[in-house]
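S.K.:
Protein chains: 2
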Amino acid sequence: MATALGEGSLSRVERKERTRRAILDTALDLSADTSLVAVSLRQVAKEVGIVPTAFYRHFASIEALGLELVDESFVSLRAVLRDVRRPDPSLKQLIDGSVDVLAEHVEARRAHFGFIARERVAGPPAVREAVRHQIELVERELATDIARIPGTEAWASDDLRVLSRLMVTSMVATAEALILAARPEMTQDIKDQARTQLRMVLVGALNWKSQG
Amino acid sequence: MATALGEGSLSRVERKERTRRAILDTALDLSADTSLVAVSLRQVAKEVGIVPTAFYRHFASIEALGLELVDESFVSLRAVLRDVRRPDPSLKQLIDGSVDVLAEHVEARRAHFGFIARERVAGPPAVREAVRHQIELVERELATDIARIPGTEAWASDDLRVLSRLMVTSMVATAEALILAARPEMTQDIKDQARTQLRMVLVGALNWKSQG
DNA sequence: AGACTGAGAGTACAGACGTTCACTGAATCG
DNA sequence: CGATTCAGTGAACGTCTGTACTCTCAGTCT
Chain A
6 MATALGEGSL
16 SRVERKERTR
26 RAILDTALDL
36 SADTSLVAVS
46 LRQVAKEVGI
56 VPTAFYRHFA
66 SIEALGLELV
76 DESFVSLRAV
86 LRDVRRPDPS
96 LKQLIDGSVD
106 VLAEHVEARR
116 AHFGFIARER
126 VAGPPAVREA
136 VRHQIELVER
146 ELATDIARIP
156 GTEAWASDDL
166 RVLSRLMVTS
176 MVATAEALIL
186 AARPEMTQDI
196 KDQARTQLRM
206 VLVGALNWKS
216 QG
Chain B
6 MATALGEGSL
16 SRVERKERTR
26 RAILDTALDL
36 SADTSLVAVS
46 LRQVAKEVGI
56 VPTAFYRHFA
66 SIEALGLELV
76 DESFVSLRAV
86 LRDVRRPDPS
96 LKQLIDGSVD
106 VLAEHVEARR
116 AHFGFIARER
126 VAGPPAVREA
136 VRHQIELVER
146 ELATDIARIP
156 GTEAWASDDL
166 RVLSRLMVTS
176 MVATAEALIL
186 AARPEMTQDI
196 KDQARTQLRM
206 VLVGALNWKS
216 QG
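From first to last, the protein sequence lines stand for chains A and B.
Counting from 6, one number per residue, gives the positions in the first sequence under my numbering.
Counting from 6, one number per residue, gives the positions in the second sequence under my numbering.
1) In chain order, what residues of the same chain have a beta carbon less than 8 angstroms from the beta carbon of residue 90 of chain B, not counting five sequence neighbours either side?
2) Under 7 angstroms between beta-carbons, which chain B residues line up against residue 213 of chain A? List them in chain order, please.
3) Using a C-beta cutoff of 8 angstroms, does residue 115 of chain A count as contacting chain B?
4) Between residue 198 of chain B and chain A, is any beta-carbon pair separated by less than 8 angstroms?
5) Do residue 99 of chain B and residue 85 of chain B come within 8 angstroms of each other at the CB atom, strictly closer than that value?
6) Rounding to the nearest angstrom, what Cα-Cα distance links residue 212 of chain B and residue 184 of chain B in this structure?
7) Could you check what DSSP says for residue 68 of chain A in three-state terms: helix, strand or coil?
8) Report the CB separation of residue 144 of chain B from residue 136 of chain B in whole angstroms; it is logged as a contact under 8 angstroms.
9) Closest to residue 83 of chain A by C-alpha separation, out of A/187, A/140, A/18, would be which residue?
10) With a CB to CB cut of under 8 angstroms and the five nearest residues on each side skipped, what residues in its chain are close to residue 129 of chain B?
11) Check whether the Cβ atoms of residue 48 of chain B and residue 35 of chain B sit closer than 8 angstroms, and answer yes or no.
12) Taking Cβ-Cβ distances below 8 angstroms as the criterion, which residues of the region 171–182 of chain A are in contact with chain B?
13) Who are the neighbours of residue 201 of chain A on chain B, taking C-beta pairs under 7 angstroms?
14) Which chain A residues sit within Cβ distance under 8 angstroms of residue 43 of chain B?
15) Below 9 angstroms on C-beta distance, what does residue 91 of chain A contact in chain B?
16) Should residue 191 of chain B be labelled buried (16 or more other beta-carbon atoms within 10 Å of its own) or exposed?
17) In the structure shown, what three-state DSSP assignment does residue 85 of chain B receive?
18) Can you list the residues of chain A that residue 127 of chain B reaches, using a CB-CB cut of under 7 angstroms?
19) With 16 other CB atoms within 10 Å as the buried threshold, where does residue 142 of chain A fall?
20) Taking only the alpha-carbon atoms, compute the straight-line gap between residue 147 of chain A and residue 168 of chain A and give it to the nearest angstrom.
21) Alpha carbon to alpha carbon, how far is residue 33 of chain A from residue 102 of chain B? Give it in angstroms, no decimals.
22) Where residue 134 of chain B and residue 162 of chain B are concerned, what is the direct C-alpha to C-alpha distance, given to the nearest angstrom?
23) Under the assumption that residue 65 of chain A contacts residue 57 of chain A (Cβ atoms under 8 angstroms), give the Cβ distance between them as a whole number of angstroms.
24) From residue 15 of chain A to residue 193 of chain B, what distance separates their C-alpha atoms?
25) Between the beta-carbon of residue 152 of chain A and the beta-carbon of residue 214 of chain A, is there less than 8 angstroms?
26) Keeping to the same chain, check which residues put their C-beta closer than 7 angstroms to that of residue 92 of chain A; ignore five residues upstream and five downstream.
27) How long is the line joining the alpha carbons of residue 22 of chain B and residue 77 of chain B, rounded to whole angstroms?
28) What is the DSSP secondary structure of residue 165 of chain A, counted as helix, strand or coil?
29) Under DSSP, the alpha helix (DSSP H) around residue 119 of chain A begins and ends at which residues?
30) What three-state label does DSSP hand residue 218 of chain A in the structure shown?
Next up, the structure:
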């Protein structure tokens, strides 16, 4: 069974997984310049250091690879929701915290957030579809999170959906701005603006019921 | 000078302009499937019905063509602001009106709004840059519009920018949703949601000063 | 130890790509 | 009317694309 492996050498499955990861990472990297639709199988193969045909041992097509990247990227996005909901749900400090959490995750998984923003509107059809579906799920997830916050129990579910949609939209927009930010000082500006934006939205939402 | 032209025939400049338009329209149409980066010069030429090399008589590259499309598209976007600001600036009916105006313009210039949404994040570098710059200008334009509304005179200019940015972001998101909407009944839903969203944001903004 | 499996190599092909160049012929100009 | 201009033609180029095949040979299983 397990032949003792030399320290530098890897088992067959490990080697395969290693190449697979390299392909995924390379494709993610190359797509950052424009979109996954502009990435060719041969480009990826060359960058990874394998022959073009070897690509097929791992993925049936660039599009299939893209669907995998969608899953990975949304793990990163959901992690934001998870970390936001971790601390006590006091609304005051939740705002500042949320923006920081988002910024940290964007910093750590820059490529994933960029991928979502791009491929949502300009990816291969199947990938675009997958991203949109995932975003809808995230919107729902956020809606149930909000519903758990004291003071929002009586909200209409439609209003809840509108609010969570608005928050996800501006969350993606903020992530996009953070990715684009060249210098660290800009990052601080964007975070401040995002905080103000989020406060405005929540002030609106809290005064919402009285509107009718 | 002007030789009498047969009814069906056109002058030389008219012919050239006609081809030029066909190229622009075709490129806009083809890019709708993914992004302008995935559109080739030869594809466009074939669709228009000219030989590939004739393309160069009109544009130096697909990228240059794209910059032209950016200008055209933002004429369509600015038209929304113009039509929104036309009626009296009473805040109540401004909300309902704005969403309708946006929906009408998106319906009429579907391709332009889609182009902006896509190429902003996934176009050729120069095109992306141009779109972003134009969006920033539109944000500023909207900010000065808002500043003219009674009751917002005392706002900090930073807050004004944050609000207008938020509004443009959700405006683009709404346009995107409207374009994607397959059936007309969905359009009504999206418009309702956009109205609620806009109201929420404005309720927030109006109660903003008291926050400090 | 011998058989088997499968990731990757290598070769090959047909088609699409951007770009070059010399050309044609109808509209325009003097 | 003769000279000029220029949008569109057509052939040719070198490069890149996805995909089909056969082959190799190290890691694995029995």
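Virtual Cβ for every residue (Gly too), placed ideally from N, Cα, C.
The structure presented is a predicted model; accordingly, all values stated were derived computationally and were not measured.
M.R.: Let me lay it out:
1) 150
2) 205, 208
3) no
4) yes
5) no
6) 33 angstroms
7) helix
8) Wrong, their Cβ atoms sit about 13 angstroms apart, outside the cutoff.
9) A/140
10) 41, 42, 67, 68, 71
11) yes
12) 171, 174, 175, 178, 181
13) 164, 167
14) 40, 42, 43
15) Those do not exist, as residue 91 of chain A stays about 26 angstroms from chain B at its closest Cβ, beyond 9 angstroms.
16) exposed
17) helix
18) 39, 40, 123, 126, 127
19) exposed
20) 9 angstroms
21) 42 angstroms
22) 25 angstroms
23) At roughly 14 angstroms, the Cβ-Cβ gap does not stay under 8 angstroms, so residue 65 of chain A and residue 57 of chain A are not in contact.
24) 58 angstroms
25) no
26) 102
27) 15 angstroms
28) helix
29) 115–127
30) Residue 218 of chain A lies beyond the residue range present for chain A, which begins at 6 and ends at 217; the question has no answer from this structure.
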